[in-house]
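Read the structure below first, then the notes.
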Ligand SMILES: Cc1cc2nc3c(=O)[nH]c(=O)nc-3n(C[C@H](O)[C@H](O)[C@H](O)COP(=O)(O)OP(=O)(O)OC[C@H]3O[C@@H](n4cnc5c(N)ncnc54)[C@H](O)[C@@H]3O)c2cc1C
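In our numbering, the protein residues as written are 1 to 565.
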């Protein structure tokens, strides 16, 4: 049986940060369904936040001001101790990356360059042109190779193995051999990323199906605040490829069909650099009011920045427009619409990434500490992965050292693995069977139509009923392809099961939360209600459906206020 001290699932930023911070004396391995540098983190564009105070306009920036912006941006749902930890740790994390050779863009004199981003009081987003995620992920991967970390690439984890509240390891599907088998570990860290492809219009990679969140939920860990789904304001119409916030940070304008910078009606001070929830709603409202183009999009205009600046600071965006839009943003405005982008909620963990299951930790987009509350600021997610990935790796190592290591895990691991093999065999034996891709498309349509930027009771109920029907459909699903090796159908089939749980938890949370906060805008409850709803939603799996409970938000320093930008 495959066996390691520490198994980390996910080769994105969070997973690799955990691997690098784990105790080098331990036997550590990373499991990823794609090669690590194909993880979704590679697509991150605009930058990563830290109050380095390098920008001439940010000389008096501090981590406390970064924490305040993060908490205000979160619509006061972030736990304030966690947000402070994130922002404090951001500064040494940037220098560590720098020393590892991360090729940041630089200001004259050689210090790390920093640009303005939405909802930030100072220009504090460090970047590498508009390919920050790519160089960041490559830097971490290089360090993992240097440290000789073991990788299981193209292994899809199908479930956690837990007995008596203790995590014993995993079951995984090795895509290359087609075999499903157990993987034993004394601790497991999940850095399995977001669930963007539960939605039809999403900036996320097609691999972002979110199964890790579903596995933790089924294993008994609560899922926190999943109703808070971030819609990014600017995705290229038709393809929904992200057009980074840095395009507005560098001075881009949002313009409606009358040629007006309409953000003056919604956020007169911050304008295009209001937080994402506010900007996405403003764009959608303009489209709904008939001020968009073809009732579908508005313009992001970069033309006044000039060819040189666009080419130097936003080369990736220029290429995306040329190759996927057929135009150069130097000459034409970019047609954009909001699209699902990020999950504020996730696996319920503490500041060390520890969950309610002993030996099971999580970090990055799949986890909810919570530092983003009801709305994440741009540039804080890469940071979340780097900082909390590192803390989770350390905490998992400490857990392993403190535990005896004498578990009788083999029987449980073998039993769970054999049960999964039997399940796949049974699916294959079905003569006919529902097509999982059809179900997946139906789910995406359902979520995009009913659980979007603006929410209301009836559409949310429709979504819940739709998910129920899709669950019935899933019971009839079949496996049509003949081969077990690299079976995309099998991968989708395994992950779709968990996607149904995720969708249900999002919708139920949204339906239950009868207020408006951050990204969660209820047209039938359009006001923030701190008296009743200043609390985290926790959902736990039961065989009768999700069980809801709540937890107070940690508020220790920053006073509640109305969010004005
Ligand atoms: C287009 C785009 C641009 C962005 N730009 C920025 C930005 O500029 N700044 C910023 O702060 N944030 C940005 N974000 C958000 C940020 O990139 C992500 O939140 C972050 O990279 C997530 O990192 P992660 O390590 O948690 O997950 P990921 O990078 O998504 O990695 C998940 C890993 O888990 C593995 N995995 C998942 N499920 C399984 C399974 N069942 N079995 C085995 N392996 C599994 C995958 O193979 C992958 O290796 C952007 C997001 C998008 C969509």
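We put the beta carbon where it would ideally sit given N, CA and C, even for glycine.
Inclusion of residue 161 and residue 413 in the CB contact set at 7 Å is warranted, their separation being smaller than that value. Only residues of its own chain outside the window of five on either side were considered, and among them 46, 47, 48, 49, 114, 115, 116, 117, 246, 249, 378, 379 have a CB closer than 8 Å to the CB of residue 125, listed in chain order. For ligand 1, no non-hydrogen atom lies closer than 6 Å to the CB of residue 431. Counting C-beta pairs closer than 8 Å gives three or more between the segment 5 to 24 and the segment 34 to 46, which meets the contact rule. Per DSSP, the beta bridge partners of residue 49 are 125. Residue 383 and residue 511 have their C-alpha atoms roughly 30 Å apart. Excluding five sequence positions before and after residue 478, the CB atoms of its chain that fall closer than 7 Å to its own CB belong to 427, 430, 432, 433, 434, given in chain order. Inside the segment 336 to 370, DSSP marks whole beta strand (DSSP E) runs of 3 or more residues at positions 346 to 348, 360 to 362, from first to last along the chain. Residue burial is scored here from C-beta neighbours: residue 141 has at least 16 other C-beta atoms within 10 angstroms and is therefore classed as buried. Residue environment: residue 324 is assigned as exposed (fewer than 16 neighbouring CB atoms within 10 Å of its CB, all protein chains considered).
Between ligand 1 and the CB of residue 132, the shortest heavy atom gap is smaller than 6 Å. Of the heavy atoms belonging to ligand 1, at least one sits nearer than 6 Å to the Cβ of residue 204. Less than 7 Å separates the beta-carbon of residue 371 from that of residue 78.
Taking C-beta atoms as the reference points, residue 349 and residue 362 count as a pair closer than 7 Å.
DSSP places residue 254 inside the beta strand (DSSP E), whose first and last residues are 253 to 255. The segment 143 to 158 makes contact with the segment 20 to 30, as at least three CB pairs between them are under 8 Å.
The residue from 344, 314, 304 with its alpha-carbon nearest to that of residue 331 is 304. Where residue 101 is concerned, there is no enclosing alpha helix (DSSP H), because DSSP gives it neither an H nor an E. By the neighbour-count definition (other C-beta atoms within 10 Å, threshold 16), residue 56 is an exposed residue. Taking every protein chain shown into account, the CB of residue 453 has 16 or more other CB atoms within 10 angstroms, so this residue is buried. Counting C-beta atoms within 10 angstroms of its own C-beta, residue 296 has fewer than 16 neighbours from the protein chains shown and is therefore classed as exposed. Contact between the segment 78 to 95 and the segment 548 to 560 is established, with three or more Cβ pairs separated by less than 8 Å. Assigned with DSSP and collapsed to three states, residue 230 falls in strand.
A heavy atom of ligand 1 is found nearer than 6 Å to the CB of residue 365.
For residue 186, the uninterrupted beta strand (DSSP E) segment begins and ends at 179 to 190. Leaving aside the five residues that flank residue 42 on each side, the residues in its chain whose CB is nearer than 7 Å to its CB run, in chain order, 133, 134, 137. Beta-carbon to beta-carbon, residue 447 and residue 199 are separated by about 5 Å, close enough to satisfy the 8 Å threshold. With contacts defined as CB atoms closer than 7 Å, residue 509 and residue 227 qualify as a contacting pair.
Between residue 277 and residue 519, the C-beta gap is smaller than 7 Å, which places the two residues in contact.
For residue 166, the CB contacts under 8 Å within the same chain, skipping 5 residues up- and downstream, are 357, 358, 359, 407 in chain order. Annotated three-state conformation of residue 441 is helix, per DSSP. One thing to note: residue 514 has its Cβ within 7 Å of the Cβ of residue 525. Taking the Cβ of residue 41 as the reference point, at least one heavy atom of ligand 1 falls within a distance shorter than 6 Å.
The beta carbons of residue 417 and residue 182 sit closer together than 7 Å.
Residue 400 and residue 336 have their C-alpha atoms spaced approximately 48 Å apart. In this structure, the C-beta of residue 45 approaches ligand 1 to less than 6 Å from one of its heavy atoms.
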